[in-house]
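Trainee:
4 protein chains.
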Amino acid sequence: MTNFWEKYVEIRSYSETLCKPLNTEDYIPQPEEFVSPPKWHLAHTTWFFEEFLLRSKLPEYKLFHPKFSFLFNSYYNFVGERTVRINRGNMTRPTVKEVYEYRTYVDQQIKILLQDHSTPEIENVLELGLNHEQQHQELLITDLKYTLSLNPLFPVYKSSFSLVNNLNSNSGFTLIKGGIHTIGHSGTSFCYDNELSPHEVLIRDFEISNRLITNGEYVEFINDGGYSTFNLWLDEGWAWVNANKIKHPLYWHNIEGQWHQYTLSGLLMLNPDEILAHVSYYEAAAFALWKEMRLPTEFEWEASSGQLDWGTRWEFTSSPYIPYPGFKIAKGAIGEYNGKFMINQMVLRGGSTATSKNHSRNTYRNFFHPHLQWQCTGIRLVK
Amino acid sequence: MTNFWEKYVEIRSYSETLCKPLNTEDYIPQPEEFVSPPKWHLAHTTWFFEEFLLRSKLPEYKLFHPKFSFLFNSYYNFVGERTVRINRGNMTRPTVKEVYEYRTYVDQQIKILLQDHSTPEIENVLELGLNHEQQHQELLITDLKYTLSLNPLFPVYKSSFSLVNNLNSNSGFTLIKGGIHTIGHSGTSFCYDNELSPHEVLIRDFEISNRLITNGEYVEFINDGGYSTFNLWLDEGWAWVNANKIKHPLYWHNIEGQWHQYTLSGLLMLNPDEILAHVSYYEAAAFALWKEMRLPTEFEWEASSGQLDWGTRWEFTSSPYIPYPGFKIAKGAIGEYNGKFMINQMVLRGGSTATSKNHSRNTYRNFFHPHLQWQCTGIRLVK
Amino acid sequence: MTNFWEKYVEIRSYSETLCKPLNTEDYIPQPEEFVSPPKWHLAHTTWFFEEFLLRSKLPEYKLFHPKFSFLFNSYYNFVGERTVRINRGNMTRPTVKEVYEYRTYVDQQIKILLQDHSTPEIENVLELGLNHEQQHQELLITDLKYTLSLNPLFPVYKSSFSLVNNLNSNSGFTLIKGGIHTIGHSGTSFCYDNELSPHEVLIRDFEISNRLITNGEYVEFINDGGYSTFNLWLDEGWAWVNANKIKHPLYWHNIEGQWHQYTLSGLLMLNPDEILAHVSYYEAAAFALWKEMRLPTEFEWEASSGQLDWGTRWEFTSSPYIPYPGFKIAKGAIGEYNGKFMINQMVLRGGSTATSKNHSRNTYRNFFHPHLQWQCTGIRLVK
Amino acid sequence: MTNFWEKYVEIRSYSETLCKPLNTEDYIPQPEEFVSPPKWHLAHTTWFFEEFLLRSKLPEYKLFHPKFSFLFNSYYNFVGERTVRINRGNMTRPTVKEVYEYRTYVDQQIKILLQDHSTPEIENVLELGLNHEQQHQELLITDLKYTLSLNPLFPVYKSSFSLVNNLNSNSGFTLIKGGIHTIGHSGTSFCYDNELSPHEVLIRDFEISNRLITNGEYVEFINDGGYSTFNLWLDEGWAWVNANKIKHPLYWHNIEGQWHQYTLSGLLMLNPDEILAHVSYYEAAAFALWKEMRLPTEFEWEASSGQLDWGTRWEFTSSPYIPYPGFKIAKGAIGEYNGKFMINQMVLRGGSTATSKNHSRNTYRNFFHPHLQWQCTGIRLVK
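Heads up: the protein sequence lines correspond to chains A, B, C and D, in order. Under this note's numbering, think of the first position of the first sequence as 1, with each following residue one higher. Under this note's numbering, think of the first position of the second sequence as 1, with each following residue one higher. Under this note's numbering, think of the first position of the third sequence as 1, with each following residue one higher. Under this note's numbering, think of the first position of the fourth sequence as 1, with each following residue one higher.
(1) On the criterion of 16 or more Cβ atoms from any shown chain inside 10 Å, does residue 190 of chain A qualify as buried, or is it exposed?
(2) Using the rule of at least 16 other Cβ atoms within 10 Å of the residue's Cβ for burial, across every protein chain shown, is residue 180 of chain A buried or exposed?
(3) Counting only runs that start and end within the segment 54-117 of chain C, where is the alpha helix (DSSP H) found for 4 or more residues in a row?
(4) Output the boundary residues of the alpha helix (DSSP H) element that contains residue 221 of chain D.
(5) Could you tell me the alpha carbon to alpha carbon distance between residue 365 of chain D and residue 70 of chain C, rounded to whole angstroms?
(6) Three-state secondary structure (DSSP) at residue 282 of chain A?
(7) Helix or strand or just coil, what does DSSP make of residue 254 of chain C?
(8) The alpha helix (DSSP H) that contains residue 304 of chain B, what's its start and end?
(9) Given that residue 71 of chain C touches chain D, what residues does it touch there, using C-beta distances under 9 Å?
(10) Give a yes or no on whether the C-beta atoms belonging to residue 207 of chain A and residue 176 of chain A are separated by under 9 Å.
(11) Excluding the 5 residues preceding and the 5 following residue 123 of chain B in the sequence, name in chain order all residues of the same chain whose CB lies nearer than 7 Å to its CB.
(12) With a cut-off of 8 Å, do at least 3 Cβ pairs link the segment 316-333 of chain D to the segment 308-324 of chain A?
(13) Using a Cβ-Cβ distance under 9 Å, would residue 44 of chain B count as near chain C?
(14) Taking 8 Å as the threshold, find out whether the segment 10-19 of chain A comes into contact with the segment 130-144 of chain A through three or more Cβ pairs.
(15) Enumerate in chain order the residues of its own chain whose CB-to-CB distance from residue 174 of chain A is below 7 Å, with the five nearest sequence positions on each side excluded.
(16) Nearest to residue 243 of chain A by CA position, among A:212, A:227, A:293, is which residue?
(17) Check whether the segment 243-255 of chain A touches the segment 28-37 of chain B, counting contact only when three or more Cβ pairs, one atom from each stretch, lie closer than 8 Å.
(18) Taking the Cβ atom as the reference point for each residue, do residue 131 of chain B and residue 75 of chain B lie within a distance shorter than 9 Å?
(19) Could you give the DSSP three-state label for residue 154 of chain B: helix, strand or coil?
(20) Go ahead and pull the three-state DSSP assignment for residue 163 of chain D.
(21) By Cβ distance, which residues of its chain are closer than 8 Å to residue 274 of chain A, with the 5 residues on each side in sequence left out?
(22) Leaving aside the five residues before and after residue 85 of chain D along the sequence, list all residues of the same chain whose C-beta is less than 7 Å from its C-beta, in chain order.
(23) Taking a contact to mean a Cβ-Cβ separation below 9 Å, would you say residue 102 of chain C touches residue 78 of chain C in this structure?
(24) Please return the same chain residues whose Cβ sits closer than 8 Å to the Cβ of residue 253 of chain A, not counting the five positions on each side in sequence.
(25) Residue 204 of chain D touches chain A at which residues, Cβ-Cβ below 7 Å?
(26) Whose C-beta lies closer than 6 Å to the C-beta of residue 145 of chain A among residues of the same chain, with five residues either side of it excluded?
(27) Could you check which residue in D:148, D:358, D:108, D:235 has the C-alpha nearest to that of residue 62 of chain D?
(28) As a quick exercise: from B:217, B:233, B:89, pick the residue whose alpha carbon is nearest that of residue 277 of chain B.
(29) Please report the straight-line C-alpha distance between residue 367 of chain C and residue 347 of chain C, rounded to a whole angstrom.
(30) Looking at residue 250 of chain C and residue 279 of chain C, is the spacing between their C-beta atoms short of 9 Å?
(31) Can you pull out the residues from the segment 93-111 of chain C whose beta carbon lies closer than 7 Å to at least one beta carbon of chain B?
(32) Enumerate in chain order the residues of its own chain whose CB-to-CB distance from residue 105 of chain D is below 7 Å, with the five nearest sequence positions on each side excluded.
(33) Look at residue 212 of chain C and residue 282 of chain C and say whether their C-beta atoms are less than 9 Å apart.
(34) Rank C:372, C:49, C:335 by C-alpha distance to the C-alpha of residue 345 of chain C and give the top, closest one.
(35) Find the residues of chain D that neighbour residue 341 of chain A, judging by a C-beta separation of less than 7 Å, and give them in chain order.
(36) Would you verify that the beta carbon of residue 15 of chain A is, or is not, closer than 9 Å to some beta carbon of chain D?
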């Protein structure tokens, strides 16, 4: 048990560490449907342990509050009715303090569960719950950035918190030889169901860049009219650019001719040598075409990942998010974790500076709709 | 000066008294565009004094913060750019604490202004500012009710705060003789520009009810199929009922066959003898038709107001909100107060239990769009 | 009977005369919900006689087609289900030819009804049906203009059909003395229920312009920045201007610096001496404010109508469309004709060059939502 | 030249043959943005030859009409401005007759071009234009079905035209051995750029059904609660089902407990032994999950196509529409044909009874958004 409990404490407390710099006010707003409030992230991750472990596995477990399942269920139809997603930012009760009490209560009960009732099945769900919490840690911080960015005061979350200011160091391309590669997760360590089962994929020779695109390179794309050259864009990307008047990555501001970017440390001058962040798939694909290169497939990325320096940006691949051969949806609510989202989204690989420590791996499949910019996304090219 | 300063302190402090029962979280959300957060009300009313008095009238006045005008201007195009209205709930900074500091700062400066620089013009704007703050006191409490009502926990704002639980006492109808009546505000006491100038209106004999419609009477309308009888409704009202699946006044819940209503004291059983609240103009008009009576015109209401017991509900009239003969829009931003809203809205008369003390009068013209239910509105009939 | 039948034939055949210049294709499209296809107008007016006369009054009447009531009912909830309004332009069957056959069939049956079964009640409904058809004649031609105007080929409906090219002739203002005026329709001749019952209204002295505003005067408003001066506009008007990028009356085109207007005779140069048409209430109100005058009330208009040269444009009044004192909604479907629209619309008085002969009168109350421009509307000012 | 001209005449005249049963009225409406009017299809396919051949290749070619490019360009940004797509149904001019004259004129000019100026490049574009016209022939007939289906009269296009009444004959599954298969089009015959270039794909053993799903099997899915069982659906599919209240395939009507379907021969009883049509990808995926099988990938489909009896329905694959390795977008407007649509769409293989003769082939990649039902789509399963 010790090991699990220590890991549990470490991950659970990191969620609260992330919230240390927040004012109570910051815990509340949900400016867009896809942006959840910090309070909701803290409570929802706690509900996950209550719903999928304590309720069924801890004898005589008493729910912290009978309505919290309604309030903090995200998308699990199996679990029942829930607050409509867009309403998360309107819930001022429970208060932030009560949510922290909820966390403490559930943590104590999990400790009892682990001490007195641990089984491999419980440990599996616990591990899933911790990985789930890490995913929400990343969302918490990227959602927060989105919310604070709307404020004309450009609030500072933490002056030392560098989410996107990462210098680029490597250069050149690495040649990867084609052939049959095994893709997907093997072994007994934790992974999500969408990384299973390992299978063979035929890949052709390709060269992959050793580094990610920088702000400076992206400014060249802008200066060359990238956002007004229709034939660089996918048709739906071009519609997105025009409908939303997109002219630059998210959080960029052109102030008197000088590019700045909003960061969690406030508004900063844009450093051309740092790695680009906060572009959508549409922008990544247009940029690649402009460079007369392309994005890697998720198989190429995985096949070359051992030779790449990755982990500062989620890297777009040209692969739509679909099941691997033999993918099976698990029974019950846990089966809603991944499979039902396998449509109209693109796979991203790697991990970002917002990703929690030890969370990602080279078989990890992240996924977003092609128009979204609010994650720490970046561009690596292939030729 | 004394008089004004005392009144200023009394009204300004009442805004803060209203907020005493709030948690910090409650100050933030804006669930609909027409519902502003308490924090915004507190800051916006303060900004009004800063913008329209201190900035121009107090020598060497230093703005509390250079961006607050952008943040807390509501709709004054003359004053310049402002945050889009729907974004008010996304602004976590300034914090609630900073907004109270802003209030304190402006109050101190107003004191200096009144002590050292008072003029009739300044006193006029001050009086407008205080009336403006009282209007926002009412909005603050009705907006808050709307926000809290969305929470499945049915939060209690204050257990002793009875916003809509008012017993009905009077009965019968009063006959008012027709003829030429003078309508509008006379004398030197404060009024809004839309109450000026007094003018003669020809009215015919009518009988007006001495009391407002009760919950019990409205339940009869519901039970008689009022919400599914198309020919009781204005065409746009019928579209509103169907598009929004309206089946009862706002805040009513039918729980296992029993009517309840959400109030600022939590969820309560509906008392049939209490006065109906939270209906739209569409509902008021349909109800009147079902009763084979009608709503009074605003002129009839004013002509009979001396004989009515009014002040617990804003009472719908059948009069669209249009200018009185001779109405002139004032120069500059103050002119944006009323005139530009004189389209597509209906006049309400009287005042509600949410209306601040000494704020309303019998010439007061309140106005809302015909589909809105979130004010403490009620129905008085005429035959 | 003769009289009625002759009038019936005259009015019914005028609908078909209006359609003579049309191609079959022109009968079909419905580009906006408020614009109905010519085919629909021809069939709906015919259905009115079938539904409200033949079905109930002509013994053994056989419906032309059992589904036409579903297809050609407009908004009569009493009559039952109907095609959703926005779907009118998608109905290619019945064909145009079949609609003309439907007209012929109903006309023949009406002839029999009048010959063999005429009663005062039947004559009353017939008169309503003929006035209804005249209203649709006007809509047919103004809807058609809207549809053709979307075509970049600027189609000519009829080269000699001058819908809006009317020279302005009169000048000066007429003083009307205040006092108690009787408003509304008296006598036994036909009128709509909304013109009843005559009642006294107190009016103050005013001066009303003897002529309508010209294109040239309106160009001055445009050149003076009228469309970008927020304080000339009602708040909802300003939102309408900005959301729809309104910069001129409907059908105007600025081609290489020269104003043109699309007319049913094709694209023509704008003649500054002709009478302005196709403005919304928002534009009329902004223009009046810019001129430092105002629009008349509908009572002022009616009181002065005997001295005005009217009939080329529907003239905006500042009066919202509400019931006259004592207005009663008729029982059954006929009662849906007017009353249910008495919200959020403004009264227009007079008549336009698109109005059928002998249709309007000085007590006639037309009404439209304040943002609509597609009728032949014009501006007359009062001071 | 002879060969090409004969093929040209054959294909061009088939478009007109398809329109023979139409009334002029049927040529006009566009009920949804994705449904174009027959008139537009006839003109747009003609414009393709004018724009991409005659304008540049035929000396002294005179445009039929200077504005037709604006009216009949579909989505070619390279060619310039065009009518907004949703406006196609509002264009009553040119008339149907004029569009046929346009076709005749262009055909004559193409004949001259082929006689006097033929080159391999011209022949290539001509072949593309003819394949393009065949695609629009299929759209013309499926769009027409959609438009006519909205009419409560259930119009008959042609009583002998059986678009979806195809009996199912085969049975059983065929085992396809895994290994490296070559996918994509080889040889010199015509294909689209998206079928190039042939490349190797690693496939695993699978069994593919010899027949398509029947109406009867799909009724079982409905009767088993398929449309209300959330865990059968992709998340966006479940949202689509609920937002649009989808309860059955497009064109199905349950009349007094009996399933019917609207066809181009009118409303018919549903035959359970016929092949299912008009389902979306969401429905196909949910059905497959319910059957505990899956849809084939496009590679599996192509690898087994030699052993399948295909051509009555476009068959859904589980493959998103993305470029093949080495795909290059052609320069200029022709490059807009396929590549820019490679996002958020699924590949369909085979062909339907609405597909023109000799148009499809086993490497052909059709593609639609996952919610669309209006094509003759069907389901083939794999296990």
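Cβ coordinates follow ideal geometry from the N, Cα and C atoms, glycine included. Being a predicted model, the structure only gives us computed values, none of them experimental.
Mentor: Reading off the structure:
(1) The residue given as residue 190 of chain A occupies position 190 in the first sequence. Exposed.
(2) Against the first sequence, residue 180 of chain A aligns to sequence position 180. Flag for residue 180 of chain A reads exposed.
(3) Complete alpha helix (DSSP H) runs here, min 4: 68-72, 96-117.
(4) On the fourth sequence, position 221 is the one that residue 221 of chain D refers to. For residue 221 of chain D, the uninterrupted alpha helix (DSSP H) run begins and ends at 215-223, by DSSP.
(5) In the fourth sequence, residue 365 of chain D corresponds to position 365, counting from 1. In the third sequence, residue 70 of chain C corresponds to position 70, counting from 1. C-alpha separation (whole angstroms): 43 Å.
(6) For the purposes of this step, residue 282 of chain A is taken as the residue at position 282 of the first sequence. Three-state result, residue 282 of chain A: helix.
(7) Position 254 of the third sequence holds residue 254 of chain C. Strand, per DSSP.
(8) Your numbering for residue 304 of chain B matches position 304 in the second sequence. In this chain, the alpha helix (DSSP H) harbouring residue 304 of chain B covers 298-304.
(9) Sequence index remark: in the third sequence, residue 71 of chain C carries index 71 (1-based). The contacting residues are 151, 152, 153.
(10) Reading the first sequence from its first residue, position 207 is the one you call residue 207 of chain A. Reading the first sequence from its first residue, position 176 is the one you call residue 176 of chain A. Result yes, Cβ atoms of residue 207 of chain A and residue 176 of chain A sit closer than 9 Å.
(11) Working through the second sequence from its first residue, we reach residue 123 of chain B at position 123. Same-chain partners within the cutoff: 4.
(12) Counting Cβ pairs under 8 Å, three or more are found: they touch.
(13) Here residue 44 of chain B is taken as the residue at index 44 of the second sequence, counted from 1. Taking Cβ atoms only, chain C never reaches closer than 9 Å to residue 44 of chain B, which makes this a no.
(14) yes
(15) Indexing the first sequence from 1 puts residue 174 of chain A at position 174. So the list reads 207, 208, 210, 304, 307, once near-sequence residues are dropped.
(16) Locating residue 243 of chain A in the first sequence gives position 243, where the first residue counts as 1. Ranking A:212, A:227, A:293 by Cα distance to residue 243 of chain A puts A:227 first.
(17) no
(18) As a position in the second sequence, residue 131 of chain B is number 131, starting the count at 1. As a position in the second sequence, residue 75 of chain B is number 75, starting the count at 1. No.
(19) Position 154 of the second sequence, counted from the start, is the residue given in the question as residue 154 of chain B. DSSP places residue 154 of chain B in coil when its eight states are reduced to three.
(20) As a working mapping, residue 163 of chain D is identified with position 163 in the fourth sequence. Of the three classes helix, strand and coil, the one that applies to residue 163 of chain D here is coil, per DSSP.
(21) Looking up residue 274 of chain A in the first sequence gives position 274. Within the same chain, residue 274 of chain A has close Cβ partners 164, 165, 166, 167, 168, 214, 215.
(22) By 1-based counting over the fourth sequence, the position of residue 85 of chain D is 85. 33.
(23) The sequence position of residue 102 of chain C within the third sequence is 102, counting from 1. The sequence position of residue 78 of chain C within the third sequence is 78, counting from 1. Taking 9 Å as the Cβ cut-off, residue 102 of chain C and residue 78 of chain C do not qualify as a contacting pair.
(24) Here the question's residue 253 of chain A lines up with position 253 in the first sequence. So the qualifying residues of the chain are 259, 260, 261, 262, 267.
(25) Looking up residue 204 of chain D in the fourth sequence gives position 204. Ordered by position in chain A, the residues that pass the 7 Å Cβ test against residue 204 of chain D are 325.
(26) In the first sequence, the residue the question calls residue 145 of chain A occupies position 145. So the qualifying residues of the chain are 264.
(27) Translated into the one-based positions of the fourth sequence, residue 62 of chain D becomes position 62. Here the closest residue by C-alpha is D:108.
(28) Stepping through the second sequence from its first residue, residue 277 of chain B is reached at position 277. For residue 277 of chain B, the closest C-alpha among the options B:217, B:233, B:89 is that of B:217.
(29) What you label residue 367 of chain C is simply residue 367 of the third sequence in a count that begins at 1. What you label residue 347 of chain C is simply residue 347 of the third sequence in a count that begins at 1. Their Cα atoms are separated by approximately 4 Å.
(30) Your numbering for residue 279 of chain C matches position 279 in the third sequence. Your numbering for residue 250 of chain C matches position 250 in the third sequence. A contact, by the Cβ cut-off of 9 Å.
(31) none
(32) In the fourth sequence, residue 105 of chain D corresponds to position 105, counting from 1. If we look at residue 105 of chain D and ignore the five residues flanking it on each side, its Cβ neighbours are 64.
(33) Here the question's residue 212 of chain C lines up with position 212 in the third sequence. Here the question's residue 282 of chain C lines up with position 282 in the third sequence. The answer is no: Cβ separation not under 9 Å.
(34) Residue mapping note: residue 345 of chain C aligns to position 345 of the third sequence, counting from 1. Considering only alpha carbons, the answer is C:372.
(35) Taking the first residue of the first sequence as position 1, residue 341 of chain A is located at position 341. What residue 341 of chain A touches in chain D: 235.
(36) Mapped onto the first sequence, residue 15 of chain A falls at position 15. For residue 15 of chain A, no Cβ of chain D is located within less than 9 Å of the residue's own Cβ.
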